[in-house]
Each structure stands twice: as C-alpha cells, then as structure tokens.
Amino acid sequence: DTGVSQDPRHKITKRGQNVTFRCDPISEHNRLYWYRQTLGQGPEFLTYFQNEAQLEKSRLLSDRFSAERPKGSFSTLEIQRTEQGDSAMYLCASSFLTGVNSPLHFGNGTRLTVT
Amino acid sequence: DQQVKQNSPSLSVQEGRISILNCDYTNSMFDYFLWYKKYPAEGPTFLISISSIKDKNEDGRFTVFLNKSAKHLSLHIVPSQPGDSAVYFCAASKHQGAQKLVFGQGTRLTINP
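Quick look at the structure:
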C-alpha cells in the first residue's frame, strides 16, 4: 500500500492560465474523490468516480473544472482560465467499495496559488 | 449552510489528560460519522468512525460517542500524547458506502508537555 499520490505538490500560476493535477489512488480502490480545502475550512466535496464513471459533481465544480479517470486508474483535474478564487488545496482520496463503510484515504494534496 | 460544525477552533490539553473534541450536525439524514487527523503539509488521515446504529466506538486511546437525539458527536483521546497535536476534522455522510463526506471546519489540538 503506497498510499494516494498527488502531483504536483505545489503549483503557482497566473490568472487565466490552465492547470492540470494528477492523482494516483491506492491500486485496489475503485472509488476516487476530489475535494478542495481553503484556509480555515474543512475539505469540500467536488466530484467522485466509481471506476471510470463520474457519478456525482458538486455545484462547486464550475464549467471551468473538468475531471477524468480514464481506464478507472489515475485521475486528472483540470482548471481552465484560473481565477484567484481557485487558490486552494486540492485533495484526492480513494476508497474500496464494499458492503460496509470504507473510509477515504487522502493524498497530501496539490496546493494551487493563482496570482 | 454549514451542516457539520466544530465550534471550537482550538483546544489545549496537558499531556496525559483527556482531550475531548466536539462536533454538531444539522442533517438528520447523516448516518455515518468519521474523525480525521491532519498534520501540516499532509492530507487528512482517517482516525475512527461510527455508524448511526451505534452510540460508541472505541479504538485504543480513541473513542467516539454519538448522540443522535442531540445531533452531536465527540472524540475522546485518553491519555493525550504530544504526537496527537494536529487539526482534527469531523465528517459525516448520508448513505453508508457513498462516502461523499461533509466536513466540519476543524479543531486544532495542542498537547502541552
């Protein structure tokens, strides 16, 4: 179990640029989640996948945000035309779908700063 | 609309004593509750959970209590150790297995030697 891996750890970009983050979940986990955390707040749900299917998206996920999980393995989160309000920690988590509750395992996040 | 609230932003406890972290929720549909611990520059780490069919769950030094009528849960850590110093998040979800968690704002716990 190598844990959930996120890349990059930090990203500084100028307003209006596009950015893409990658998440590699724990290998046997079939559910993958994206959360966003701003200073002084808890993580907020953005979207989740079961295998390659994106099953739910939060209202927080504007049209500028898109997430994919091709082949049900790693996932990417792209933000187009970044705004200063997009500055946050983007967290990826994975879990194993079973008949009982399976806690989410989080990566260390990608910290995005939009200047 | 803050469905999960942690009203204490910070808590300071002496080493060896009991730490009690509190969490309130408003949505009666929540049926699964979790506590996560977060160190600086790391992601949240799962600590302990409880289903709504129980009122207590214990794992070593950590115990979570659930009071459904009051929509309140608490995390007890005893004895508290310096390594417990971290930010603790309470989280809740509506459907077992769906895992779309709603988090509180967090409580920063500091254990003093």
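Going down the list, the sequences are from chains A and B.
In case it helps, the working numbering puts the first sequence at residues 986 to 1100.
In case it helps, the working numbering puts the second sequence at residues 12 to 124.
For each residue, glycine too, the CB sits at the ideal point set by N, CA and C.
Which residues DSSP lists as bridging Lys16(B), in chain order: For the purposes of this step, residue 16(B) is taken as residue 5 along the second sequence, with counting starting at 1. BP columns for Lys16(B) point to Asp35(B).
At a Cβ cut of 8 Å, what residues of the segment 63-89 of chain B count as close to chain A, listed as they run along the chain? none
Interface residues of the segment 1042-1070 of chain A facing chain B [CB-CB below 7 Å]: none
Sub-8 Å separation of Leu120(B) and Ala103(B) beta-carbons: Mapped onto the second sequence, residue 120(B) falls at position 109. Mapped onto the second sequence, residue 103(B) falls at position 92. No, the pair does not count as a contact, with Cβ atoms beyond the cut-off.
Considering Thr987(A), what are the terminal residues of the beta strand (DSSP E) in which it resides? Walking along the first sequence from the start, residue 987(A) turns up at place 2. Per DSSP, Thr987(A) belongs to no beta strand (DSSP E) and is neither H nor E.
According to DSSP, is Asp95(B) helix, strand or coil? Residue mapping note: residue 95(B) aligns to position 84 of the second sequence, counting from 1. Asp95(B): helix per DSSP, three-state reduction.
Between which two residues does the beta strand (DSSP E) carrying Arg1066(A) extend? Taking the first sequence and counting its residues from 1, the one referred to as residue 1066(A) is at position 81. Here Arg1066(A) belongs to no beta strand (DSSP E), and DSSP marks it neither H nor E.
Roughly how many angstroms lie between the CA atoms of Leu1076(A) and Tyr1018(A), to the nearest whole one? Counted from its first residue, the first sequence places residue 1076(A) at position 91. Counted from its first residue, the first sequence places residue 1018(A) at position 33. Distance between the alpha carbons of Leu1076(A) and Tyr1018(A) is about 8 Å.
Can you determine whether any heavy atom of the ligand ATP sits closer than 7 Å to the C-beta of Lys79(B), and answer yes or no? Ligands displayed in this structure: none; no statement on the ligand ATP is therefore possible.
Does Phe41(B) come within less than 8 Å of chain A when only Cβ atoms are used? Residue mapping note: residue 41(B) aligns to position 30 of the second sequence, counting from 1. Cβ-Cβ to chain A under 8 Å: no for Phe41(B).
Quick check: the Cα distance between His106(B) and Pro1055(A), rounded to an integer number of angstroms? In the second sequence, residue 106(B) corresponds to position 95, counting from 1. In the first sequence, residue 1055(A) corresponds to position 70, counting from 1. Whole-angstrom Cα-Cα distance: 26 Å.
What residues are listed by DSSP as bridge partners for Gln1022(A)? Here residue 1022(A) is taken as the residue at index 37 of the first sequence, counted from 1. Gln1022(A) is bridged to Met1074(A).
Residue range of the beta strand (DSSP E) that includes Leu58(B): Here residue 58(B) is taken as the residue at index 47 of the second sequence, counted from 1. Taken as a continuous stretch (DSSP letters only), the beta strand (DSSP E) holding Leu58(B) covers Thr56 to Ser62.
Counting only beta-carbon separations shorter than 8 Å, does Tyr1075(A) have a partner in chain B? Translated into positions along the first sequence, residue 1075(A) becomes position 90. No - not a single Cβ of chain B is within 8 Å of the one on Tyr1075(A).
Could you tell me the distance, in whole angstroms, from the CA atom of Cys34(B) to the CA atom of Ser85(B)? Here the question's residue 34(B) lines up with position 23 in the second sequence. Here the question's residue 85(B) lines up with position 74 in the second sequence. So the alpha carbons of these two residues sit roughly 6 Å apart.
Alpha carbon to alpha carbon, how far is Val1099(A) from Pro20(B)? As a first step, residue 1099(A) is located in the first sequence; it is residue number 114 there, counting from the start. As a first step, residue 20(B) is located in the second sequence; it is residue number 9 there, counting from the start. Cα to Cα, the separation comes out at about 27 Å.
Using DSSP's beta-bridge definition, name the partner residues of His995(A). Reading the first sequence from its first residue, position 10 is the one you call residue 995(A). For His995(A), which the question treats as bridged, DSSP gives the partners Arg1096(A).
Helix, strand or coil at Lys67(B) [DSSP, three-state]: Taking the second sequence and counting its residues from 1, the one referred to as residue 67(B) is at position 56. Lys67(B): strand per DSSP, three-state reduction.
Of the choices Ser1058(A), Gly1070(A) and Gln1035(A), whose alpha-carbon is the least far from that of Phe1050(A)? Position 65 of the first sequence, counted from the first residue, corresponds to residue 1050(A). When only C-alpha atoms are compared, the closest one is Gly1070(A).
With a threshold of 8 Å between beta-carbons, can Pro55(B) be considered close to chain A, or not? Residue numbering aside, residue 55(B) sits at position 44 when the second sequence is read from its first letter. Answer yes: the Cβ-Cβ gap between Pro55(B) and chain A drops below 8 Å somewhere.
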